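K.L.:
Sharing a structure with you now.
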Amino acid sequence: EQLQTQNISVPAKSRLQYTFPELFFYKPDLWWPNGMGKQSLYNVSINIDVKGFGESDSWSQYFGFRKIESHIDDATGGRLFKVNGEPIFIRGGNWILSDGLLRLSKKRYSTDIKFHADMNFNMIRCWGGGLAERPEFYHYCDYYGLLVWQEFWITGDCDGRGIPVSNPNGPLDHDLFLFCARDTVKLLRNHPSLALWVGGNEQTPPKDINDALKNDLKLHPYFEHVNEKGKGGLS
Amino acid sequence: MATVQGKTTLDSGWFAARFNEVHFNGTQLTTTNPPSGPILPWMEALVPGTVLGTLVKNKVVPDPFYGLGNEAILDIADSGRDYYTFWFFTTFHCKLSKNQHCDLNFRGINYSADVYLNGHKIVLPKGMFRRHSLDVTNILHPDGNNLLAVLVHPPDHPGSIPPEGGQGGDHEIGKDVATQYVQGWDWIAPIRDRNTGIWDEVSIVITGPVKIIDPHLVSSFFDNYKRIYLHATTELENRSSWTAECSLSIHVTTELEGSIHLV
């Protein structure tokens with residue numbers, strides 16, 4: 006539905022960040038969770054041609070237009086979700102991983118996740134003691150309409166609780182934890198099923214890690230401005 | 068003949084061996100002394116997968132998820148980390164033409180590794196949940212036939228399992244940035260190798276002088292979802308020694324049926 010081409014120069018031996026002018030869509034099909042509507046997916050591809058060389062690289066991703074909001078309800082203490090402005094009653098399954106020997110095939114993911122959809126679930130929570138799930142997992146959650154609650158790698162029983170009490174300060178190398186977290190976000194952030202990042206299981210990570218995660222994952226100021234004016238909101 | 072641009076997944080033809088049973092170093096394995104096949108100590112390897120997955124595949128140990136099979140497998144706390152430190156070896160074909168570049172990508176290794184390609188060593192840092200992208204353009208063989216060996220080290224703190232078990236064993240695994248269920252939980256027995264291995268996709272990616280890195284797509288919504296904007300940002304890296312004049316395009320399509328797209 007949209008094609009846009011820009012001419013740019015990239016200096017020798019350098020790396021830069023480029024933002025396309027925004028692409029406008031009128032009433033595109035929205036992505037909905039299982040049970041609320043279709044899981045409409047668009048294919049977004051980015052290509053770069055270099056003068057004198059031809060196509061240099063390409064990238065593509067299935068993408069869904071959806072807006073997910075959530076907040077802690079004062080009355081119940083539970084987290085309430087809305088998708089595309091509509092409240093959704095979450096029916097979730099807890100997930101560690103598909104196989105303890107990490108034989109994580111696409112067929113296995115497809116079967117496991119379809120099973121969750123067939124059970125009328127609309128969310129999978131990836132527990133902090135397991136994996137940051139793989140793009141193939143997220144692909145099938147996109148396809149079958151399972152929202153994903155993804156936790157980082159903190160559990161109370163290894164980071165602060167247990168007998169004897171474990172180290173409450175989390176992993177020894179906090180910089181490494183944050184590096185891994187940032188890289189994982191980059192790996193998974195374009196999947197429409199990705200609904201919520203959570204610091205860990207049943208507890209918050211050590212303060213410096215928690216602060217850094219909250220800061221890195223907060224809404225970009227551009228979209229805060231848009232929200233303040235009541236003009237729209239971020240997906 | 069040049070290799071076609073794009074991604075090739077390296078998910079077959081791998082061999083593995085316990086590192087202290089191999090009498091060559093990484094440079095020798097990827098130059099003069101590659102394994103000639105699944106001949107002891109080498110065996111066919113599961114990549115992506117774990118060391119334990121490879122041992123199960125080759126029936127060296129029983130399947131830990133059947134009966135009491137897990138009890139028959141040596142735990143890393145008793146064996147020591149060396150027991151689950153393994154070599155993984157494969158070959159791949161990649162012959163570049165002028166101005167092409169090649170990245171060797173690992174999407175997940177638990178926990179750290181030494182990579183040898185055609186005799187060159189590259190150390191991969193620790194961390195189970197990080198990607199590694201190595202520019203190997205200058206160390207590929209001109210004839211296109213390349214030898215790759217990866218020495219994978221287990222987590223630094225695999226810990227031990229108390230006789231009574233318990234959530235997260237003795238909690239040592241929490242010192243590393245790795246999955247924690249592997250020390251056993253109320254719903255699973257300990258994983259003996261702590262999931263050591265090349266546990267996620269390995270690939271080579273051929274590009275031209277400029278490559279696309281980690282695009283980010285965000286949408287914003289207006290007028291009750293009638294007007295929607297797609298915001299796309301990407302990093303670009305020019306690895307050539309000249310300024311690249313580029314034409315960068317973004318293309319959004321919807322698949323109507325099969326491979327028919329609406330543009």
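Protein sequences, first through last, are from chains D and U.
240 is the number that the numbering used here gives the last residue of the first sequence; the numbers go up by one with no jumps.
330 is the number that the numbering used here gives the last residue of the second sequence; the numbers go up by one with no jumps.
Ideal Cβ positions, reconstructed from N, Cα and C, are used throughout, including at glycine.
For clarity, every value in this text was computed on a predicted model and none was experimentally measured.
Kindly give me the distance between the Cβ atoms of Asp162/D and Pro173/D, rounded to whole angstroms, as I take these residues to be in contact under 8 Å.
P.N.:
Not really, about 12 Å apart at Cβ, beyond 8 Å.
K.L.:
What are the boundary residues of the beta strand (DSSP E) that includes Phe184/D?
P.N.:
Taken as a continuous stretch (DSSP letters only), Phe184/D belongs to no beta strand (DSSP E), being part of the alpha helix (DSSP H) at 179-193.
K.L.:
According to DSSP, simplified to helix, strand and coil, what is Leu96/U?
P.N.:
Helix.
K.L.:
Could you tell me whether any Cβ in chain D is nearer than 7 Å to the Cβ of Val277/U?
P.N.:
With 7 Å as the cut-off, Val277/U counts as an interface residue toward chain D.
K.L.:
Taking just the CA atoms, how far does Trp254/U sit from Glu156/D?
P.N.:
19 Å
K.L.:
Can you list, in chain order, the residues of its chain with a C-beta nearer than 8 Å to that of Val330/U? Leave out the 5 residues immediately preceding and following it.
P.N.:
At Val330/U, the pLDDT of 49 sits below 50, so the modelled position is not reliable; the number obtained from the coordinates is stated separately. Hits under 8 Å: His318, Thr320.
K.L.:
Please report the distance separating the alpha-carbon of Asn125/U from that of Val88/D.
P.N.:
So the two alpha carbons sit approximately 47 Å from each other.
K.L.:
Taking Cβ positions, are Ile53/D and Val277/U nearer each other than 7 Å?
P.N.:
Going by C-beta atoms, Ile53/D is nearer than 7 Å to Val277/U.
K.L.:
Give a yes or no on whether 7 Å exceeds the smallest Cβ distance from Gly204/D to chain U.
P.N.:
no
K.L.:
Between the Cα of Ile271/U and those of Ala245/U, Gly233/U, Leu215/U, Gly235/U, spot the shortest distance and give me the residue it belongs to.
P.N.:
Leu215/U
K.L.:
Give the straight-line distance between the Cα atoms of Lys112/D and Leu284/U, rounded to the nearest whole angstrom.
P.N.:
27 Å
K.L.:
Excluding the 5 residues preceding and the 5 following Asn215/D in the sequence, name in chain order all residues of the same chain whose CB lies nearer than 7 Å to its CB.
P.N.:
Cβ-Cβ distances below 7 Å link Asn215/D to Gly204, Thr209 in the same chain, with the five nearest sequence neighbours on each side left out; the list follows chain order.
K.L.:
Taking the runs of the beta strand (DSSP E) that are 3 residues or longer, which of them lie wholly in the region 115-186 of chain D?
P.N.:
128-131, 152-156
K.L.:
State the Cα-Cα distance for the pair Cys313/U and Asp237/U, rounded to the nearest angstrom.
P.N.:
55 Å
K.L.:
How many Å lie between Lys33/U and Ser103/U at the Cα?
P.N.:
In this structure chain U extends from 68 to 330, so residue 33/U is not present and cannot be described.
K.L.:
Grab the span of the alpha helix (DSSP H) containing Lys124/U for me, first residue to last.
P.N.:
Here the alpha helix (DSSP H) through Lys124/U covers 118-124.
K.L.:
Taking all protein chains shown into account, decide if Asn220/D is buried (16 or more other Cβ within 10 angstroms of its Cβ) or exposed.
P.N.:
exposed
K.L.:
With 9 Å as the C-beta to C-beta threshold (strictly closer), list the residues of the region 302-316 of chain U near chain D in chain order.
P.N.:
Across the region 302-316 of chain U, CB contacts with chain D closer than 9 Å involve Glu302, Leu303, Glu304, Asn305, Arg306, Ser307, Ser308, Trp309, Thr310, Ala311, Glu312, Cys313, Ser314, Leu315, Ser316, in sequence order along the chain.
K.L.:
Please list the partners that Pro16/D has in chain U, where partner means a Cβ-to-Cβ separation under 7 Å.
P.N.:
Asn305, Thr310
K.L.:
Report buried or exposed for Gln250/U, applying the criterion of at least 16 other Cβ atoms within 10 angstroms of its Cβ.
P.N.:
buried
K.L.:
Enumerate in chain order the residues of its own chain whose CB-to-CB distance from Pro169/D is below 8 Å, with the five nearest sequence positions on each side excluded.
P.N.:
The beta carbon of Pro169/D is closer than 8 Å to none in its chain, skipping five residues each way along the sequence.
K.L.:
Against chain U, does Tyr23/D count as a neighbour if the rule is that its beta carbon must be under 7 Å from one of theirs?
P.N.:
yes
K.L.:
Counting only the same chain and skipping the five closest in sequence on each side, list residues whose C-beta sits under 7 Å from that of Thr204/U.
P.N.:
Cβ within range, chain order: Leu163, His168, Cys169.
K.L.:
Does any residue of chain D bring its CB to less than 7 Å from the CB of Ile258/U?
P.N.:
yes
K.L.:
In three-state terms, what does DSSP make of Ile189/U?
P.N.:
strand
K.L.:
Using beta carbons (cut-off 7 Å, strictly below), is Thr117/U in contact with chain D?
P.N.:
yes
K.L.:
Quick check on this structure: which residue in Asn39/D, Thr10/D, Gly135/D, Leu218/D has the alpha carbon closest to the alpha carbon of Ala122/D?
P.N.:
Asn39/D
K.L.:
Pairs of beta-carbons, one from the region 27-38 of chain D and one from the region 65-77 of chain D, closer than 8 Å: are there three or more?
P.N.:
yes
K.L.:
Rounded to whole angstroms, what is the Cα-Cα separation between Thr301/U and Ile273/U?
P.N.:
18 Å
K.L.:
Please report how far the alpha carbon of Pro131/U lies from the alpha carbon of Tyr151/U, in whole angstroms.
P.N.:
Straight-line measurement puts the Cα of Tyr151/U at about 16 Å from the Cα of Pro131/U.
K.L.:
Pop quiz: Asn213/U and Phe159/U are said to be a contact at Cβ under 8 Å. What is the actual Cβ separation, rounded to whole angstroms?
P.N.:
5 Å
K.L.:
Examine chain U for any beta-carbon lying closer than 7 Å to the beta-carbon of Phe182/D, and answer yes or no.
P.N.:
yes
K.L.:
From the DSSP output, read off the bridge partner residues of Asp54/D.
P.N.:
Glu60/D, Ser314/U
K.L.:
Under a three-way DSSP split, which group does Lys48/U fall into?
P.N.:
Since the first residue shown for chain U is 68 and the last is 330, residue 48/U is missing from the structure and cannot be characterised.
K.L.:
For a quick check, are the C-beta atoms of Arg108/D and Gly116/U less than 7 Å apart?
P.N.:
yes
K.L.:
Please list, in chain order, the chain U residues whose beta carbon lies closer than 8 Å to that of Asp216/D.
P.N.:
Simply none; closest approach about 18 Å.
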